[in-house]
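Before any comments, here is the structure.
In full-length UniProt numbering, the protein residues as written are 1 to 427.
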């Protein structure tokens, strides 16, 4: 039997309301030991929470959820308290003194929901992403996974592969009898459809990762091209040091912004030029590495015509002439703001286009499992079953196991610690 656990489910510190969650076989007994009545499930009751000597710790709304109909799948009690630090501490102390429950570990409530079948692994990962979401598009993407859309897709692939395997196994089981239909066309149709959908999902992993973690945008150019000034103007704060001395920026300076609902990691890089200064040379090398790895690059130049940049431009990259307030021609000015809104709008358009290719999968472990399944199915469909039906069925079972790893039906313990590392105690 699992231990009973408890933790503060809301953020620690002063608040209007604080919630303490208790889950496990001793949850209802702990509530009664606090001097409160259990009452009907899912019905809020206003009751006093008592200390060991009978004094009132707080007046709280109490809620109970029975096993099988709660977040964790266990008996659960929630205490909705006044949000003072003193009330939080006193209530947690009293629960500990009662001795029927222990403090929860990070993510342990969600771990129990997974173990008890209330969530699968993709939904747990979606919950982690919802908690970490900083922008609207991050929230939307995470909610799609939390709501089971990724799980539904993966399980639909599994169902079709199982169907194909069953059709082939029937030809083995009834090899000595007349098989009423040729199963090969249906099997190929099932596997071909799954292959196409899985490949599209894998192709969208990079965009999904950027959507979850933030799109990287690098500001690139020669020394004194106005890169640091542009970063400061976009961030609306003095993030980077600005100087007329060339080579002032020697390291990558990064600032996160919210642009049209997308998280953007904007990087000011060292000026690109040949230099004998060993420190500046390291900065230039790092700048080139960051720029090449970015999702999008903004190339700045002060000259009338763009120079030959040492980093190749890619589709979607933007080029701007900076300091237009000094040379009196249309362009971009970090000082006056001219051209800034247009630039930001174009960046957002580019990111929106990239995000359009994002799938559900954003973790390398899931991507690797899908690639393994794709390799198996590609081999099966390309081979035309020359290796024998028994071997094909065995391969299909391997593909199914890879999909089951994604939703956490097998090998789930291997990833739980990593998944729950970002969770708070109350989750």
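All C-beta atoms, glycine included, are put in the ideal place defined by N, C-alpha and C.
Looking at the DSSP output, residue 109 bridges to nothing. Annotation for residue 51: no alpha helix (DSSP H) segment contains it, and DSSP assigns it neither H nor E. Distance from the CA of residue 287 to the CA of residue 306, rounded to the nearest whole angstrom, comes to 19 Å. With 16 or more other CB atoms across the displayed protein chains lying within 10 angstroms of its CB, residue 19 is buried.
The region 116-134 makes contact with the region 144-155, as at least three CB pairs between them are under 8 Å. Unbroken beta strand (DSSP E) stretches of 3 residues or longer found wholly inside the UniProt domain "TrmE-type G" (214-352): 215-221, 253-259, 262-268, 296-301 and 318-321, given in chain order. Relative to residue 2, the option among 36, 100 and 78 whose CA is nearest is 100. Exposure of residue 285 is indicated by the presence of fewer than 16 other C-beta atoms within 10 angstroms of its C-beta. Sequence-distant Cβ neighbours of residue 120 in its own chain, meaning closer than 6 Å and more than five residues away, are 151, 407 and 408. Ranking 13, 21, 118 and 261 by CA distance to the CA of residue 215 puts 261 first. Under DSSP, residue 19 forms a beta bridge with 80. Taking 9 Å as the cut-off, the Cβ atoms of residue 17 and residue 57 do not count as close.
Secondary structure note for residue 129: its alpha helix (DSSP H) is the uninterrupted segment 121-132. Remark: C-beta atoms of residue 355 and residue 233 do not approach each other more closely than 9 Å. Residue pairing of residue 71 in beta bridges, as defined by DSSP: absent, with no partner found. Using a C-beta cut-off of 8 Å, the region 132-143 makes no contact with the region 373-390, since fewer than three inter-stretch Cβ pairs fall below that distance. In terms of Cβ geometry, residue 31 and residue 10 do not form a close pair [threshold 9 Å]. The criterion of a C-beta distance shorter than 9 Å is not satisfied by residue 297 and residue 229. Per the C-alpha coordinates, the member of 394, 363, 365 and 338 positioned closest to residue 376 is 394. Residue state for residue 36 is assigned as coil, using DSSP reduced to three classes. In terms of Cβ geometry, residue 256 and residue 266 form a close pair [threshold 9 Å]. Contact annotation, residue 23 with residue 212: C-beta distance approximately 28 Å; criterion of less than 8 Å not satisfied. Going by beta carbons, residue 269 and residue 304 fall outside the 9 Å limit.
Within the same chain, 225, 226, 300, 302 and 332 come within 6 Å of residue 322 by CB-CB distance, once the 5 residues on both sides are set aside.
For residue 91, the uninterrupted alpha helix (DSSP H) segment begins and ends at 85-98.
Residue 401 carries a helical assignment under DSSP once its states are collapsed to helix, strand and coil. With fewer than 16 neighbouring CB atoms inside 10 Å of its own CB, residue 14 falls in the exposed class. By the beta-carbon neighbour count (other beta carbons within 10 angstroms, threshold 16), residue 391 is exposed.
When the five nearest sequence neighbours on each side are left out, the beta carbons in the same chain lying within less than 7 Å of the beta carbon of residue 168 are those of 183, 187, 389, 392 and 393, in order along the chain. Beta-bridge analysis with DSSP links residue 61 to 46 and 80. Per DSSP, residue 406 has no beta bridge partner at all. For the set 398, 91, 366 and 254, the Cα lying nearest the Cα of residue 378 is the one of 398.
Nearest to residue 60 by alpha-carbon distance, out of 53, 400, 160 and 37, is 37. Less than 9 Å separates the beta-carbon of residue 259 from that of residue 344. The C-alpha of residue 365 lies about 25 Å from the C-alpha of residue 72. In the three-state reduction of the DSSP assignment, residue 367 falls in the helix class.
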